[in-house]
Amino acid sequence: MATNPAEVLGLPKPAWAADEVGMLYDMATRFMAEEIAPRYDEFEKNEMVDRESWLKAGAAGLLCASMPEKYGGSGGTFAHESAIIEAIGHVGVDGFGIGLHNSIVAPYILHYGSEEQKEKWLPKLATGELIGAIAMTEPGAGSDLQGVKTRAEKDGNHYRINGSKTFITNGQLANLIIVVTKTDPEKGAKGTSLIVVETDEVEGFERGRNLDKIGLKANDTSELFFNDVRVPTSNLLGHEEGKGFVQLMQQLPQERLQIGTGAIAMIERALAITIDYVKERKAFGKAIIDFQNTQFKLAELKTEATIGRVFYNDCVARHIAGGLDPVTASMAKYWLSDLQGKVVDECLQLHGGYGYMNEYPIARMYRDARVQRIYGGTNEIMKLLIGRSL
Ligand SMILES: Cc1cc2nc3c(=O)[nH]c(=O)nc-3n(C[C@H](O)[C@H](O)[C@H](O)COP(=O)(O)OP(=O)(O)OC[C@H]3O[C@@H](n4cnc5c(N)ncnc54)[C@H](O)[C@@H]3O)c2cc1C
1 MATNPAEVLG LPKPAWAADE VGMLYDMATR FMAEEIAPRY DEFEKNEMVD RESWLKAGAA
61 GLLCASMPEK YGGSGGTFAH ESAIIEAIGH VGVDGFGIGL HNSIVAPYIL HYGSEEQKEK
121 WLPKLATGEL IGAIAMTEPG AGSDLQGVKT RAEKDGNHYR INGSKTFITN GQLANLIIVV
181 TKTDPEKGAK GTSLIVVETD EVEGFERGRN LDKIGLKAND TSELFFNDVR VPTSNLLGHE
241 EGKGFVQLMQ QLPQERLQIG TGAIAMIERA LAITIDYVKE RKAFGKAIID FQNTQFKLAE
301 LKTEATIGRV FYNDCVARHI AGGLDPVTAS MAKYWLSDLQ GKVVDECLQL HGGYGYMNEY
361 PIARMYRDAR VQRIYGGTNE IMKLLIGRSL
């Protein structure tokens, strides 16, 4: 396989991926290959990456790469986060949930937190002492987030939080959770607020099961229960209540784009691995690549992957410049994750029976890819949002 699976497409690097971003990619790739990949089977069996690996990632500068240096980050941009997520995908350790921690959880604190909140939480997110999660989904509210029932009631200088969440990424390990709550249920979306719960500091917080998923086995995904959890009112994100929905909407472009990052990285790895495989494997006296069907299939996939990479690179460039609109970000999420499903499925087929065996990396990719079309807003919801722009 090419050292960097992206090379399989033969495209020039975009300007945003040059210099220090390129160096960060190399460093992150080494880290994932040396520290995470050798223990990945163990992490899949335990259904989570261990805390020590998070601390090591923090020490290596791989947590909060886009947070300002004064809060313990590396002062980068989304390009740096992209380099890290691409490294995870290229090495094939997709269950290590630092993409969500870095480019979803930390930015909420940076953008909406008070100075005091930023000083308190960001440096610990950067070292890995705090592991981040965001809890939006509830048993009765997934795509329709306005249906959130988790209630935060003011009680003097505290909020009392009651409710339950499900499908929360990093849910077993996280000790800083941004919880989507209703501070005023009468007001619908305008009564929604984001409140930070530091789980080590509160009573009444319980983690439910580490959910048994078909893929992304090395990532802990959990139910969470809040039973009269009291947190100081100063844990509200933003200056006033009722801003939660707007805050969620403002952060969506980056959240959706980073799902596209994982998608394009896996697409490149799947192609690189499969091209190697079909050159080695023989049937009817020739290599599998010598069949025209194999060449045509891979020609189609390489073409679509190239279109995907060029689109992705353009989205990142626009995002760094501050101009990635929510509609284009929704296109990136839906189209790249759909393509990921297609490429991985076709690549598995070219592996024959070996592709169905867990010891072959393409099998794990097949399991891990499926959820990309579901979380972060389902691809149907993405089309709904794109449709509204017509
Ligand atoms: C592994 C994993 C990790 C996750 N991590 C997190 C996390 O960290 N934090 C978090 O808050 N959530 C997380 N989620 C939840 C995820 O975001 C939701 O599962 C997703 O938004 C869909 O919600 P739902 O499961 O309730 O499906 P539903 O909303 O019940 O949707 C069911 C089906 O109906 C379709 N549908 C719904 N509404 C419409 C409509 N208006 N038009 C057309 N079709 C529609 C959907 O597209 C889907 O196909 C995670 C989920 C998984 C599986």
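Numbering (full-length UniProt numbering), first residue to last: 1 to 390. Just so you know, even glycine gets a beta-carbon here, dropped at the ideal spot from N, CA and C. These numbers come from a predicted model, not from an experiment.
Residues sharing a beta bridge with residue i, DSSP
i, result
"Glu198", "Leu176"
"Leu224", "Lys165, Arg207"
"Ser193", "Thr181"
"Ala135", "Val179"
"Ala152", "Ile161"
"Arg373", "Answer is none; Arg373 lacks a bridge partner."
"Ala141", "Glu138"
"Pro232", "His158"
Spatially closest choice to residue i from the options, by CA coordinates
i, options, result
"Ala270", "Tyr366, Ile168, Ala106, Glu206", "Tyr366"
"Ser103", "Glu240, Glu81, Gly147", "Glu81"
"Ile195", "Gly188, Val180, Cys315, Gly204", "Val180"
"Glu241", "Gly99, Arg151, Arg39, Gly352", "Arg151"
"Val327", "Lys187, Ala321, Trp335", "Trp335"
"Lys333", "Glu300, Ser193, Val371, Thr192", "Val371"
"Met382", "Asn210, Asp276, Gly260", "Gly260"
"Lys342", "Asn4, Leu11, Glu268", "Glu268"
"Val344", "Ala305, Gly147, Asp220", "Ala305"
"Ala321", "Val8, Trp16, Glu7", "Trp16"
"Asn46", "Lys213, Leu257, Glu201, Pro139", "Lys213"
"Val229", "Asp155, Val278, Met249, Ala287", "Asp155"
"Gly132", "Asp184, Glu119, Gly97", "Gly97"
"Asp220", "Thr192, Met27, Gly92, Gly171", "Gly171"
"Val49", "Ala218, Asn235, Ser330", "Ala218"
"His111", "Leu350, Leu248, Asn358", "Leu248"
"Glu359", "Gly92, Glu20, Asn4, Met27", "Gly92"
"Lys118", "Gln340, Tyr71, Gly58, Leu236", "Tyr71"
"Gly191", "Arg207, Asp368, Met32, Leu236", "Leu236"
"Gly128", "Tyr312, Leu176, Tyr356", "Leu176"
"Glu35", "Glu153, Gly58, Phe284, Val21", "Gly58"
"Glu138", "Gly208, Ser74, Asp184, Val202", "Gly208"
"Lys282", "Leu350, Ile264, Gly323", "Leu350"
"His239", "Asp200, Glu86, Glu116", "Glu116"
Cβ-Cβ separation, residue j to residue i (assumed contact under 8 angstroms), whole Å
i, j, result
"Asn157", "Thr233", "5 angstroms"
"Lys165", "Ala135", "4 angstroms"
"Gly99", "Ile109", "Not really, about 16 angstroms apart at Cβ, beyond 8 angstroms."
"Ile168", "Leu252", "Contact flag wrong, Cβ pair sits at about 18 angstroms."
"Leu298", "Ile275", "7 angstroms"
"Leu125", "Leu63", "6 angstroms"
"Arg256", "Gly387", "Between Gly387 and Arg256 the Cβ distance is about 16 angstroms, and since that is not below 8 angstroms, they are no contact."
"Gln250", "Phe78", "Contact flag wrong, Cβ pair sits at about 14 angstroms."
"Arg373", "Asp338", "6 angstroms"
**Request:** Ignoring anything shorter than 4 residues or poking outside the region 5-43, list the alpha helix (DSSP H) runs there in chain order.
**Result:** 19-31
| said: Could you tell me which whole alpha helix (DSSP H) segments of length 4 or greater appear in the region 259-335? | reply: Secondary structure in the region 259-335: the alpha helix (DSSP H) runs of 4 residues or longer, each lying completely within the stretch, are 292-320 in chain order.
Can you list, in chain order, every residue whose CB sits closer than 5 angstroms to a heavy atom of ligand 1? Met136, Thr137, Gly142, Ser143, Phe167, Ile168, Thr169, Thr221, Val371, Tyr375, Thr378, Glu380
Sequence ranges, beta strand (DSSP E) only - wholly within the region 58-115, length at least 3: As for any beta strand (DSSP E) of minimum length 3 sitting wholly inside the region 58-115, there is none.
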